[in-house]
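Line by line, the protein sequences give chains A and B.
Quick note: the first sequence, position 1, residue 1 per my numbering, numbers continuous.
Quick note: the second sequence, position 17, residue 17 per my numbering, numbers continuous.
Using N, Cα and C, we set each Cβ at its ideal position, and we do this for glycine too.
Values in this document were obtained by computation on a predicted structure and should not be read as measured data.
The next block holds one structure in the form of structure tokens; read it before the comments.
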Amino acid sequence: LAKTTQPISMDSYEGQEVNITCSHNNIATNDYITWYQQFPSQGPRFIIQGYKTKVTNEVASLFIPADRKSSTLSLPRVSLSDTAVYYCLVGDGPGGYSSASKIIFGSGTRLSIRP
Amino acid sequence: GAGVSQSPSNKVTEKGKDVELRCDPISGHTALYWYRQSLGQGLEFLIYFQGNSAPDKSGLPSDRFSAERTGGSVSTLTIQRTQQEDSAVYLCASSLARLASYEQYFGPGTRLTVT
């Protein structure tokens with residue numbers, strides 16, 4: 001199973017770029033890397049997903065090195081509303097490869113943004 | 001369209017009682033997931049459904065936990081003889097299919113308190 005490791009917490013200031021790195025040394029060939037954001041008393045919300053290299057959307061960028069053993073979520077110009085817990089998720093690939101695989105969320109990174 | 005809904009939003013029960021938690025996924029989503037989140041902790045995967053079948057039940061904490069899904073839609077998570085350690089937020093999510101490339105849409109959760 002592809003276990004993930006993230007920093008427990010991070011602090012930053014409004015307007016800064018924040019990079020959160022997730023380690024997943026045992027990632028399998030078919031695994032995708034997905035990041036979710038969770039605000040208090042809400043369910044997680046999808047931010048971005050990638051398989052390799054770089055993915056960018058209107059919210060964030062995801063950088064994945066060639067060995068795929070880690071990934072970095074980059075949040076440009078954060079604001080106070082980006083204060084949340086961020087989860088790195090490594091999920092098993094297309095169905096049929098491993099029926100025993102579980103989708104494993106790590107403990108997440110608690111990001112605090114200050115004015 | 002409507003998102004994932006869960007009911008009840010809050011449930012307080014006495015130790016030893018049975019509880020049923022309900023999840024209504026997004027229409028057309030064939031995959032459905034249950035997670036548990038204890039206070040200040042990450043998400044713990046419990047079980048997923050592809051259609052009405054649950055290929056992998058190994059995430060359920062004990063045999064007091066069971067889940068079913070009918071008509072490829074609504075799912076019920078049942079906890080028998082509840083214990084205080086069952087207190088947590090139970091989150092349901094759905095996705096178009098059980099593939100890692102499909103994002104999960106989470107409901108608001110059911111907060112279960114066992115007294």
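Per DSSP, reduced to three states, the secondary structure at Q84 (chain B) is helical. Taking the Cβ atoms as the reference, A97 (chain B) lies roughly 11 Å from Q104 (chain B), outside the contact range of under 8 Å.
Around the Cβ of I8 (chain A), a 10 Å sphere holds fewer than 16 other Cβ atoms; the residue is exposed. In the three-state DSSP reduction, S81 (chain A) falls in the helix class (H, G or I). Of all residues in the region 69-92 of chain B, only L91 come within less than 7 Å of chain A when Cβ atoms are compared, listed by chain position.
When C-alpha distances from A2 (chain B) are compared across B:C23, B:G16, B:P8, the shortest belongs to B:C23. For Q50 (chain B), the enclosing beta strand (DSSP E) stretches over residues 43-50. Interface annotation, R45 (chain A): in contact with chain B, CB-CB separation under 9 Å.
Nearest Cα to R81 (chain B) within the set B:T30, B:K15, B:I26, B:S9: B:K15. With three or more CB-CB distances shorter than 8 Å, the region 18-27 of chain A counts as touching the region 64-83 of chain A.
At least one CB of chain B lies nearer than 9 Å to the CB of S41 (chain A).
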